[in-house]
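Sequential numbering of the sequence shown, starting at 12, is according to the working numbering.
All residues carry an ideal CB built from backbone N, CA and C; glycine is no exception.
Just below is one structure, and these are the notes that go with it.
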Amino acid sequence: MSFYLEWKKMKRTGLVPAFFFGGLLAAAVPVLNMTFRSQIYLELDAPPVQILMDANWQMMSMLNILLVTAGACMMYHTEYADNAIQRICTLPAREGRLFFGKSAFLILMCAVILAMEAAGIAFCSFHWFWQSEGLKPLLSEGLQHILFGEFWNGLAAGPWSVLVKSFGYAFLLMLPAVLISLWIASAFRNLWVSLGIGVVCIFTATLLPARNFVLSLFPFAMPFQSFAGTAAETARRFMIAAAAELLVIAAGELLFLKARRSFT
């Protein structure tokens, strides 16, 4: 029910079209890059998905995290602007339910934009790397599996599996940033304060050394990690850390809301 209410509220704010066009912009990054610089990447000796992710993921993830931060601020701004938060505090309702409803909606929007970006990477793989050695038969094999009803076998065939794993990994690592952005937005009534904090956190994340595992666990830095080309053990550690951060942030938000309600 909370998710449905969030959907109705966000339809009036223009947040859904903003995510849609933001996802299109991020999906266009690899297409434009390959259009003007394809010769550079076609000469590289690596799997197509890895080449495309290494070349474009930093810019794509930057757009993603900016969308998440702006979206979280807008979602809570509508509550504060109409004094809905104050009304909730006077009722036997839980603010935590409001937080998790907004989280579910924002997570769904993240899944949508990542699907659009995966389609952009897949298009580049087909269009520019189709004649690469070994790629054509692997793509054909995966497509045949999908067309004949063996969907999961199709995804597991060749480069399809790398694409699915890359964006599944990106989705998981984006979740802590989603929750922490909503936490920041819920803490400040003024939209510009929460947005400013979020932007500062994003640019701080871009300054952190990517090879330092501990610093890379900063929630706003994790979305910049790419699965393609990452050692299996390192990827596993990042996924475990992301799951742990989700639990910590969710628990911290509930404690914060309880404390705020006690003092207001």
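For residue i, count the other beta carbons within 10 Å of its own beta carbon; 16 or more makes it buried, fewer makes it exposed. Which is it?
i: Glu-128; result: buried
i: Gly-160; result: With a pLDDT of 45 at Gly-160, under the threshold of 50, the modelled position of that residue is not reliable, and no figure is offered here.
i: Arg-48; result: exposed
i: Pro-230; result: buried
i: Glu-244; result: exposed
i: Ile-62; result: buried
i: Ala-254; result: exposed
i: Trp-68; result: buried
i: Gly-209; result: buried
i: Phe-140; result: buried
i: Val-189; result: buried
i: Leu-16; result: exposed
i: Ala-242; result: exposed
i: Asn-75; result: buried
What residue from the options has the CA that sits closest to residue i's CA?
i: Arg-272; options: Val-175, Arg-48, Ala-66, Ser-197; result: Ser-197
i: Val-79; options: Phe-267, Cys-212, Tyr-52, Leu-265; result: Cys-212
i: Lys-20; options: Ile-76, Lys-113, Cys-135, Ala-188; result: Lys-113
i: Val-40; options: Ala-130, Leu-53, Arg-222, Trp-194; result: Ala-130
i: Thr-217; options: Phe-224, Gly-107, Ala-232; result: Ala-232
i: Leu-183; options: Glu-106, Pro-234, Leu-258; result: Pro-234
i: Pro-58; options: Ile-76, Val-123, Cys-135; result: Cys-135
i: Met-86; options: Ala-115, Ser-72, Met-73; result: Ala-115
i: Gly-240; options: Val-204, Ala-252, Lys-176; result: Lys-176
i: Tyr-180; options: Met-64, Phe-32, Gly-107, Leu-226; result: Met-64
Looking only at its chain, what residues have a beta carbon closer than 7 Å to the beta carbon of residue i, apart from the 5 residues adjacent to it on each side?
i: Leu-202; result: Cys-84, His-88
i: Gly-82; result: Leu-26, Phe-30, Leu-117, Met-120
i: Leu-77; result: Ile-213
i: Asn-44; result: Ala-66, Asn-67
i: Tyr-91; result: Arg-200
Using a Cβ cut-off of 9 Å (strictly closer), state whether residue i contacts chain B.
i: Asn-223; result: The chain inventory of the structure shown lacks chain B, comprising one protein chain alone.
Between residue i and the rest of its own chain, which residues show a CB-CB distance below 6 Å, the 5 nearest in sequence each way excluded?
i: Ser-72; result: Pro-234, Phe-235
#### Entry: Every unbroken alpha helix (DSSP H) within the stretch 197 to 272, with a cutoff of 4 residues, ordered by chain
Whole alpha helix (DSSP H) segments, 4+ residues: 202 to 218.
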